[in-house]
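Student: Mapping of the sequence shown onto the numbering used here: residues 1 to 133, in sequence order.
Glycine is no exception: its CB is placed at the ideal position from the N, C-alpha and C atoms.
Before we start, here is the structure in question, set down as structure tokens.
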Amino acid sequence: MLDEQVGFVLRRAHQRHMTIFAERMDSLTPQQFSTLYRLALSKAPLSQNALGRSVAMDAATTKGVVNRLEARGLIVTEKDKEDRRRYLLSATEAGKALIAECVPVVRSITEETLKPLTEAERRTLLALLDKIS
1 MLDEQVGFVL
11 RRAHQRHMTI
21 FAERMDSLTP
31 QQFSTLYRLA
41 LSKAPLSQNA
51 LGRSVAMDAA
61 TTKGVVNRLE
71 ARGLIVTEKD
81 KEDRRRYLLS
91 ATEAGKALIA
101 ECVPVVRSIT
111 EETLKPLTEA
121 ERRTLLALLD
131 KIS
């Protein structure tokens with residue numbers, strides 16, 4: 001019965017992916033990559049709240065990731081001129097350069113994770129996972 005439980009199977013797949021990620025990526029965690037990637041590609045600064053939603057992280061996790069990226073000089077925060085309670089986040093040039101270096105590595109991680117699947121199975125898996133998330 002356990003092997004038929006979606007949570008168990010998803011956890012095993014996630015563990016496999018995280019192992020591959022850890023073996024190949026030494027500069028960013030998956031959460032840091034997602035956060036920095038969103039900021040690097042954004043045409044305008046993002047609020048911390050909007051950023052967290054865009055990478056599916058709760059507020060506390062987003063805050064911790066933002067703090068670590070900011071400490072490394074990969075992002076900057078500034079007060080929103082229209083709403084002084086809100087901070088706006090942007091990737092620095094160093095952050096954008098790191099993302100450019102990491103994208104090929106992340107693509108290879110995805111390729112290795114999905115290696116047992118055919119191209120059609122990959123598309124189907126990603127579509128189905130997107131549908132339930």
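(1) Do His-135 and Thr-113 have their C-beta atoms within less than 7 angstroms of each other?
(2) Would you call the CB atoms of Val-55 and Arg-38 closer than 7 angstroms?
(3) Only counting the same chain, and skipping five residues up and downstream in sequence, which positions put a Cβ closer than 8 angstroms to that of Asp-80?
(4) Would you call Leu-28 buried or exposed, if buried means 16 or more other Cβ atoms sit within 10 Å of its Cβ?
(5) Whole angstroms are fine: how far does the CA of Ala-71 sit from the CA of Met-25?
(6) Tell me the residue span of the beta strand (DSSP E) that contains Glu-78.
(7) With C-beta atoms as the reference, is Ala-91 less than 7 angstroms away from Ile-75?
(8) Do Val-65 and Thr-35 have their beta-carbon atoms positioned less than 7 angstroms apart in this structure?
(9) Could you give the residue range of the beta strand (DSSP E) that holds Ala-91?
Tutor: Result, derived from the coordinates:
(1) Lying outside 1 to 133, the shown extent of the chain, residue 135 is not represented and no answer is given.
(2) yes
(3) Ser-47, Arg-86, Tyr-87, Leu-88
(4) buried
(5) 19 angstroms
(6) 75 to 79
(7) yes
(8) yes
(9) 87 to 91
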